[in-house]
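Heads up: the protein sequence lines correspond to chains W and X, in order.
For the first sequence, my numbering gives the first residue as 210, with consecutive numbering after it.
For the second sequence, my numbering gives the first residue as 136, with consecutive numbering after it.
Glycine included, each C-beta is placed from N, C-alpha and C at the ideal position.
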Amino acid sequence: GNSVTQMEGPVTLSEEAFLTINCTYTATGYPSLFWYVQYPGEGLQLLLKATKADDKGSNKGFEATYRKETTSFHLEKGSVQVSDSAVYFCALSDQANAGKSTFGDGTTLTVKP
Amino acid sequence: GAVVSQHPSWVICKSGTSVKIECRSLDFQATTMFWYRQFPKQSLMLMATSNEGSKATYEQGVEKDKFLINHASLTLSTLTVTSAHPEDSSFYICSARGEDASRYEQYFGPGTRLTVT
Chain W
210 GNSVTQMEGP VTLSEEAFLT INCTYTATGY PSLFWYVQYP GEGLQLLLKA
260 TKADDKGSNK GFEATYRKET TSFHLEKGSV QVSDSAVYFC ALSDQANAGK
310 STFGDGTTLT VKP
Chain X
136 GAVVSQHPSW VICKSGTSVK IECRSLDFQA TTMFWYRQFP KQSLMLMATS
186 NEGSKATYEQ GVEKDKFLIN HASLTLSTLT VTSAHPEDSS FYICSARGED
236 ASRYEQYFGP GTRLTVT
């Protein structure tokens, strides 16, 4: 079955530091890959996505590249802000699993001023 | 575009009562809706998948008689927690996908915090 493995948290960074959150996946088909962000007490917001190998998703300074050869979709940001503090979820969906999403366990990011 | 709302955003109920949570797609027709449950500091657990006009498909271990799901229209799905108990207290999140969904993209609601006393 499908699975997503995320870097364990929590991650604590100083403002303007470089962020990497690792994500690797296992899937039987050709999945689409997503990063979602969840702020305290809220639902999930789509941060970025990539639908095929070598695609790069980007949004609000965050980037992730769909690497089929390493089955990875690592999230990066060059300079984090305090407002980026949240929980980040890596996820995949594919036709083989009826389009259901499989989520990683989430990584909590805290950015200190 | 692609906004999903949930109502209520939070609810407190007494043990033994039933609670209904609504999930609406505001600006698109949702052929498929998903219901998730999230425990504190944990990931989302898929409870069930509902398609408009048909019975919901429940994940293994989810009691379908306890968590009633109705997807009566292309913009509304409801989750009813029947005879709620304190262990049902959780954060419930729905998501929706339209007919022209871009490669399985889902749009998430803001969640409903249920507390059973």
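Query: Less than 8 Å between the beta carbons of L254 (chain X) and I228 (chain X), yes or no?; Result: In this structure chain X extends from 136 to 252, so residue 254 (chain X) is not present and cannot be described.
Query: Taking 8 Å as the cut-off, decide whether the C-beta atoms of N337 (chain W) and L301 (chain W) are in contact.; Result: Beyond the ends of chain W as shown, which are 210 and 322, falls residue 337 (chain W); an answer cannot be given.
Query: Please list, in chain order, all residues of the same chain as E225 (chain W) whose beta carbon is under 6 Å from its beta carbon, the five residues on each side excluded.; Result: S288
Query: Go ahead and label A219 (chain X) buried or exposed: buried means 16 or more other beta carbons lie within 10 angstroms of its beta carbon, across all protein chains shown.; Result: buried
Query: In terms of DSSP beta bridges, what is F243 (chain W) paired with?; Result: W:K258, W:A300
Query: Counting only C-beta atoms, is G244 (chain X) closer than 8 Å to chain W at any point?; Result: yes
Query: Under 8 Å, Cβ to Cβ, is there at least one residue of chain W near T184 (chain X)?; Result: yes
Query: Given that S310 (chain W) touches chain X, what residues does it touch there, using C-beta distances under 7 Å?; Result: Q241
Query: Kindly say whether L211 (chain X), judged by its beta-carbon, lies nearer than 8 Å to any beta-carbon of chain W.; Result: no
Query: DSSP three-state label for S138 (chain X), please.; Result: Reading off the sequence, residue 138 (chain X) comes out as Val, not Ser. Three-state result, V138 (chain X): coil.
Query: For the stretch 283 to 298 of chain W, which residues have a CB atom closer than 9 Å to at least one CB atom of chain X, in sequence order?; Result: V296, F298
Query: Going along the chain, which residues of its own chain have a beta-carbon closer than 7 Å to the beta-carbon of S208 (chain X), five neighbours each way excluded?; Result: E187
Query: Going along chain X, which residues have a C-beta under 8 Å from E251 (chain W)?; Result: P245, G246
Query: Using the C-alpha atoms, what's the distance from Y248 (chain W) back to T319 (chain W)?; Result: 11 Å
Query: What are the boundary residues of the beta strand (DSSP E) that T250 (chain X) is part of?; Result: 247 to 251
Query: When the distance is taken between beta carbons, is Y275 (chain W) closer than 8 Å to K261 (chain W)?; Result: yes
Query: Quick check on the DSSP output: the beta strand (DSSP E) that includes E251 (chain W) runs from which residue to which?; Result: It is not in any beta strand (DSSP E) - E251 (chain W) carries neither H nor E in the DSSP assignment.
Query: L314 (chain W) versus chain X: which residues are under 9 Å apart at the beta carbon?; Result: Reading off the sequence, residue 314 (chain W) comes out as Asp, not Leu. Chain X residues near D314 (chain W): Q177, S178.
Query: CA-CA distance, S292 (chain W) and E198 (chain X)?; Result: 39 Å
Query: Answer with yes or no whether the minimum CB distance from K258 (chain W) to chain X is below 8 Å.; Result: yes
Query: By how many angstroms is the C-alpha of I156 (chain X) removed from the C-alpha of T247 (chain X)?; Result: 7 Å
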